[in-house]
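Participant: Take this structure first; my questions come after.
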Amino acid sequence: MFSSFIRPTNLSKKVMGVIFSIYLGVTCLITSAQFYTEYLITQDSILSELKQLEATVIGPVSSNLWQYNLNQLEVLSAGLLEMPIIEGVHIVDANGKSIISKKSYAPASIPLSIFDVKTDLNWVLNSKEIYLGSVTLYSSSEVVLDRVLFGFSLIAIAAVIKLFILFCLFIWAFDRYLAIPLKELMSQVDEVQAGKEMNKRIHLSTVENNELTQLQSHMNSMLSAMEKDREQLLEDEQTKRNWLEDAVAKRTEALQILNEKLEKLAKNDSLTGILNRGSFFDSAQHLLTLSERQKSSASLVLMDLDHFKMVNDTYGHFIGDKVLIHFTQTIRSFLRESDIFGRLGGEEFAIFLSGAGINEASKLADKLRKAISDSTLEIDGKTVTYTVSIGVESSSPNDHSIDDLFKRADIKLYGAKDKGRDRVER
Amino acid sequence: MSKGNKKSYLLFVLPFLMAIANSSVSHAETIKVCYDQWAPMTIFPSDKLPERGVVIDMLEHVYASHGYSLDYYEVPLARGLSMVSEGLCDMLPEYVPSKRVEETFEYATEATFAYTTAFVVRRDDPWRYAGMPSLKGKRIATGPGWDYSSMSVDYQTYLDDSNNAAFVEIIAGNDDVVERVMHMIKENRVDLYADNELVLQYVLNRANLNDDLIIVRPGLENKLIELPIFSKKIPILKRKELIRIWNEGRKQMKGKQENIFLKKYNVQLQE
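Residue numbers (the UniProt record's numbering), protein chains in the order written: chain A, 1 to 426; chain B, 1 to 271.
Pasting the structure below:
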């Protein structure tokens with residue numbers, strides 16, 4: 001506790017410590033000056049008394065010195081030494097020889113300082129002054145201190161009492177006007193900092209118009225400005241967030257569209273828009289497995305345009321592409337939503353029919369062949385006709401792979417080709 | 001100087017006096033002697049100087065031969081007179097004759113001494129006493145209350161005259177007065193002093209001032225006569241007997257015996 005008083009970490013304690021130290025120092029300085037002044041005044045007073053005393057005894061001393069009355073001088077000196085202010089008497093004759101030399105203190109206890117008054121002794125004889133010698137009366141610091149001890153005590157006690165009272169009043173005033181309001185201010189600042197309410201303000205209980213209330217006012221102004229700034233920041237943030245969310249949503253939507261496009265591009269043939277070879281086989285395998293699990297029948301219709309190379313060679317690839325698109329659209333118009341239609345490559349196409357046996361598939365294949373052969377395609381003033389050969393194969397319980405079904409349908413398709421084209425082989 | 005009126009500042013021994021206050025007057029073989037200090041006639045003995053003076057030696061000599069022993073009481077003169085008057089002492093060896101005190105004392109008829117008075121001056125001072133005019137311009141030392149009227153009324157009148165105060169130095173003190181006066185004369189502070197010649201001799205010797213001062217005559221006109229006094233409390237027959245012994249004894253010692261006593265103290269009477 002003492003070390004915390006000597007080296008306080010608390011600002012208020014440090015301020016109090018500094019002020020107390022300054023006050024204590026000034027008090028000690030002033031009290032010392034008072035002591036010293038009192039000492040000097042008393043010393044002057046004692047010197048004055050010594051002079052008066054010397055003036056009183058100078059007659060008898062001179063008379064006894066004149067009459068060689070050493071006994072009387074001894075008695076007189078002893079009497080002088082009995083006086084409280086006299087510490088020593090020294091009488092010398094005209095030749096400087098010591099007649100009387102008395103001290104009231106022991107040689108071992110010499111006072112701090114000795115001061116004296118000295119007077120020459122003369123005797124008037126026939127109107128002529130005869131020098132007899134001198135008498136010196138000594139006093140000392142101890143006599144001064146003895147006399148001023150009471151005054152010193154009063155000064156010291158007064159200084160201590162003043163120091164104590166003023167320090168108590170200072171602590172009270174410091175506490176009342178600074179420490180408590182500061183503590184309240186800091187407490188409310190902590191509450192404001194810890195709280196989530198932006199509209200909370202500092203309200204000190206003191207009503208004096210002083211620096212603290214000005215500080216309170218400035219801090220409240222600062223809090224208001226901070227609240228306004230914070231609201232503006234929140235509003236800006238919300239605006240940015242909304243814009244960002246919109247941007248992200250739009251971007252996401254665009255990405256989804258792109259993904260869909262990519263997925264479609266990955267799965268479908270770019271010319272006809274139906275499933276490409278890979279996607280077709282994946283989907284067909286899935287449906288084949290499902291049909292197997294459901295123990296229902298499924299059929300694969302494998303189609304190849306007849307002499308399509310000759311169409312390309314005759315009309316060009318542009319017309320060839322149109323023929324392929326036409327073929328696709330014509331076939332699609334006969335299919336169900338559950339049927340899978342894909343281009344396996346070039347002029348080769350396939351249809352997977354879930355829940356359809358060989359007869360149903362064959363009937364559909366024949367309808368398709370007939371629709372194609374009956375159709376006439378007008379492009380750029382040119383009339384194009386074409387036919388298609390179709391192989392139909394239905395799945396058996398042992399068909400686990402679409403590849404197996406495809407191989408058998410392919411054999412049927414080549415059978416149709418071999419048998420003259422524009423026909424369905426089952 | 002009249003020793004009878006001399007003020008003494010010596011301390012007296014009060015407890016001792018209290019002890020003897022209630023004692024009855026002794027009329028037997030012991031004589032109680034009160035005396036004051038007046039060297040070399042009567043001296044208070046000390047460890048260094050046990051002698052009691054010429055007069056006490058004479059008393060011893062006189063009364064011892066008649067089977068008396070003496071008890072001594074060293075007191076101031078005034079106390080001694082009072083004690084003799086009250087009967088606490090039987091006698092006092094020297095007192096100036098005076099009719100005023102004869103109601104309480106009885107004088108012996110044979111004087112202790114008839115003292116010659118002399119002056120002491122600086123050895124180089126040619127001054128000699130030639131009546132009162134010779135004192136003009138001279139500073140005289142004396143003791144307070146000392147009375148020379150039995151030796152010279154004019155001299156005493158001169159000392160008492162306030163017009164002469166600037167030339168009369170009154171020296172107070174105990175038994176050291178005469179010696180201090182002599183030192184003052186030596187230092188030119190005063191010029192002369194008159195006293196019993198035996199006193200002057202004794203003090204000059206004691207102070208070792210014979211090289212500086214000299215005793216000169218003529219002194220004052222008359223001699224100082226002093227007589228023993230005896231208490232009237234002593235029964236008359238006994239008192240008469242004591243006085244008779246003294247008177248006879250004192251007469252018998254004149255001359256050779258007297259000089260022996262004086263020589264013991266290194267003084268002598270000058271005629």
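The beta-carbon is built from N, C-alpha and C at its ideal position, and this holds for glycine as well.
Which residue's Cα is closest to the Cα of L344 of chain A: A:R201, A:I372, A:M310 and A:D304?
Facilitator: Comparing Cα positions, the closest option is A:D304.
Participant: Helix, strand or coil, according to DSSP, for K417 of chain A in the structure here?
Facilitator: DSSP places K417 of chain A in helix when its eight states are reduced to three.
Participant: Can you tell me whether DSSP reads C168 of chain A as helix, strand or coil?
Facilitator: Reduced to three states, the DSSP call for C168 of chain A is helix.
Participant: Please list the terminal residues of the continuous beta strand (DSSP E) segment that includes S354 of chain A.
Facilitator: Taken as a continuous stretch (DSSP letters only), the beta strand (DSSP E) holding S354 of chain A covers E348 to S354.
Participant: Run through chain B and tell me which residues come within less than 9 Å of Y131 of chain A, C-beta to C-beta.
Facilitator: Near Y131 of chain A there are no residues of chain B at all, since even the closest Cβ is about 13 Å away, more than 9 Å.
Participant: Span of the alpha helix (DSSP H) holding E258 of chain B?
Facilitator: Segment K256 to K264, the alpha helix (DSSP H) holding E258 of chain B.
Participant: According to DSSP, is L315 of chain A helix, strand or coil?
Facilitator: The amino acid at residue 315 of chain A is misidentified as Leu; the sequence shows Tyr. Reduced to three states, the DSSP call for Y315 of chain A is helix.
Participant: Reducing DSSP to helix, strand and coil, say where G342 of chain A ends up.
Facilitator: DSSP places G342 of chain A in strand when its eight states are reduced to three.
Participant: Quick one: Cα of S26 of chain B to Cα of I234 of chain B, how far?
Facilitator: Unreliable placement is indicated for S26 of chain B, whose pLDDT of 42 sits below 50; no coordinate value is reported for it.
Participant: Distance cutoff 8 Å, beta carbons only. Does S23 of chain B sit that close to anything in chain A?
Facilitator: Confidence at S23 of chain B is low in this model, with a pLDDT of 42, below 50, so its placement is unreliable and the value that follows should be read with caution. So, not an interface residue.
Participant: Straight-line CA distance for P181 of chain A to D175 of chain A?
Facilitator: If I take the Cα positions, the gap works out to 8 Å.
Participant: So, are the CB atoms of G342 of chain A and I390 of chain A less than 8 Å apart?
Facilitator: No.
Participant: So if DSSP puts H90 of chain A in a beta bridge, which residue, or which two residues, is it bridged to?
Facilitator: Looking at the DSSP assignment, H90 of chain A forms a beta bridge with A:S101 and A:T136.
Participant: For the region 124–143 of chain B against the region 71–78 of chain B, are there 3 or more C-beta pairs whose distance is under 8 Å?
Facilitator: Output reads no: the region 71–78 of chain B does not touch the region 124–143 of chain B.
Participant: Assign V124 of chain A to buried or exposed, taking buried as 16 or more other Cβ atoms, counted over all protein chains shown, within 10 Å of its Cβ.
Facilitator: Exposed: under 16 other Cβ atoms inside 10 Å.
Participant: Count the other CB atoms, across all protein chains shown, that sit within 10 Å of the CB of A365 of chain A; report buried if there are 16 or more and exposed otherwise.
Facilitator: It counts as buried.
Participant: For a contact defined as C-beta to C-beta under 9 Å, what are the partners of N69 of chain A on chain B?
Facilitator: I171, A172, G173, D176, V177 and R180, listed in chain order.
Participant: Q72 of chain A versus chain B: which residues are under 9 Å apart at the beta carbon?
Facilitator: Those within 9 Å of Q72 of chain A in chain B are A172 and G173.
Participant: At what residues does the alpha helix (DSSP H) containing P93 of chain B begin and finish?
Facilitator: No alpha helix (DSSP H) contains P93 of chain B, which is instead part of the beta strand (DSSP E) from M91 to Y95.
Participant: Please compile the residues from chain A whose C-beta is within a distance smaller than 7 Å of the C-beta of R189 of chain B.
Facilitator: Result: W66.
Participant: Can you list, in chain order, the residues of its chain whose CB lies under 8 Å from that of S24 of chain B, leaving out five sequence neighbours each side?
Facilitator: Note that S24 of chain B scores 39 on pLDDT, short of 50, meaning its location in the model is unreliable and no value can be drawn from it.
Participant: In the DSSP output, what is L121 of chain A paired with across the bridge?
Facilitator: In the DSSP output, where bridge partners are listed per residue, L121 of chain A has A:G133.
Participant: Quick one: what does DSSP say K211 of chain A is sitting in, helix, strand or coil?
Facilitator: Strictly speaking, residue 211 of chain A in this sequence is Glu, with Lys absent from that position. Three-state result, E211 of chain A: helix.
Participant: Under 8 Å, do L223 of chain A and T213 of chain A count as touching if we go by C-beta distance?
Facilitator: Not a contact, by the Cβ cut-off of 8 Å.
Participant: Measuring alpha carbon to alpha carbon, tell me which of B:I214, B:R239 and B:N164 ends up nearest P133 of chain B.
Facilitator: Closest option to P133 of chain B, Cα to Cα, is B:N164.
Participant: Looking at the unbroken alpha helix (DSSP H) that takes in V189 of chain A, where does it start and where does it end?
Facilitator: Looking at the DSSP string, the run of the alpha helix (DSSP H) that includes V189 of chain A is I180 to A194.
Participant: Please return the same chain residues whose Cβ sits closer than 8 Å to the Cβ of L76 of chain A, not counting the five positions on each side in sequence.
Facilitator: The answer, listed in chain order, is V57, P60, V61 and N64.
Participant: In the DSSP assignment, find the alpha helix (DSSP H) that holds F280 of chain A and state where it starts and stops.
Facilitator: Segment R277 to Q294, the alpha helix (DSSP H) holding F280 of chain A.
Participant: What are the boundary residues of the alpha helix (DSSP H) that includes L224 of chain B?
Facilitator: Element bounds for L224 of chain B: not the alpha helix (DSSP H) but the beta strand (DSSP E), L224 to S231.
Participant: Counting pairs of Cβ atoms below 8 Å between the region 293–307 of chain A and the region 408–420 of chain A, do you hit three or more?
Facilitator: Taking 8 Å as the limit for Cβ pairs, the verdict is that the region 408–420 of chain A does touch the region 293–307 of chain A.
Participant: Grab the span of the alpha helix (DSSP H) containing Q202 of chain B for me, first residue to last.
Facilitator: Reading the sequence as shown, one finds Tyr at residue 202 of chain B and not Gln. Counting along the chain, the alpha helix (DSSP H) containing Y202 of chain B begins and ends at E197 to A207.
Participant: To the nearest angstrom, how far is it from the Cα of I225 of chain B to the Cα of A114 of chain B?
Facilitator: Whole-angstrom Cα-Cα distance: 4 Å.
Participant: If you count every other CB in all the chains shown that lies within 10 Å of the CB of V62 of chain B, and 16 or more means buried, which is it?
Facilitator: Burial call: buried.
Participant: Whose Cβ in chain A lies nearer than 7 Å to the Cβ of M184 of chain B?
Facilitator: The contacting residues are Q67 and Y68.
Participant: List the residues that DSSP assigns as beta-bridge partners of L377 of chain A.
Facilitator: Paired residues: A:V384.
Participant: Near L121 of chain A, what residues of its chain come up, given a Cβ to Cβ distance below 7 Å and the 5 sequence neighbours on each side ignored?
Facilitator: Same-chain partners within the cutoff: I58, V61, S62, L65, L132, G133, S134 and V135.
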